[in-house]
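Some notes on the structure that comes next.
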Amino acid sequence: MATDTAQKPDTFLIENPDGTIDSMAAAENYAEQQQQQQQAAGVKARLRCYSCNTLLEYDAGAAYVQCYTCRTMNSVLPGAETGGRVLSMLCVVCNTTNLAPYGTAYVRCGTCQTISQVSHVYEQEAESQRQAAAAAAGRVGG
75 MATDTAQKPD TFLIENPDGT IDSMAAAENY AEQQQQQQQA AGVKARLRCY
125 SCNTLLEYDA GAAYVQCYTC RTMNSVLPGA ETGGRVLSML CVVCNTTNLA
175 PYGTAYVRCG TCQTISQVSH VYEQEAESQR QAAAAAAGRV GG
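Heads up: the sequence shown begins at 75 in the working numbering, then just goes up one per residue.
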């Protein structure tokens, strides 16, 4: 008798036209996710927004929390008091906005399952920071 070893799809996030983020569960995970949410009902966790330092309260088990003050997405890191940076990646195949914790090398689209390499994002950011530091040093030294 063969066992099914296929992985269930994870939940994925969708950016609405007004800029808010909704979490969608794959049909296979919906019942499990609903049970987890019901178990966690009434239990609130807290973290500080990494951008504006606002204290956020959210349902336990959430992976991402959007700050109500500055609208920044914060990833929920186990044991951390401050939220983590989030990478927002647009899928090149279906144009769905996908979120992942900052530092992730690959992002899988929650809609079409396309895997995108995102390491170039970090390289571009490091280069722009080097250029800004060099420009600031030129102004100070000149």
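Yeah, the Cβ is synthetic: ideal placement off N, Cα and C, and Gly gets one too. Quick caveat: nothing in here was measured; it's all calculated off a predicted structure.
Supposed close pair Ser190, Val166 - CB separation, criterion 8 Å: 7 Å
Where Gly158 sits in the DSSP three-state scheme: strand
Kindly indicate the opening and closing residues of the beta strand (DSSP E) around Ser125. Neither: Ser125 is in no beta strand (DSSP E) and is coded neither H nor E.
Would you check if the distance between the CB atom of Arg204 and the CB atom of Tyr176 is smaller than 7 Å? no
Helix, strand or coil: how does DSSP classify Ala206 here? helix
Going by DSSP in three states, Tyr142 sits in which element: helix, strand or coil? coil
Going by DSSP, which residues form a beta bridge with Asp92? BP columns for Asp92 are empty, so no partner.
Which of helix, strand or coil DSSP assigns to Gln198: helix
Buried or exposed (CB count within 10 angstroms, at least 16 for buried), Gly157: buried
Quick check on DSSP: helix, strand or coil for Ala179? coil
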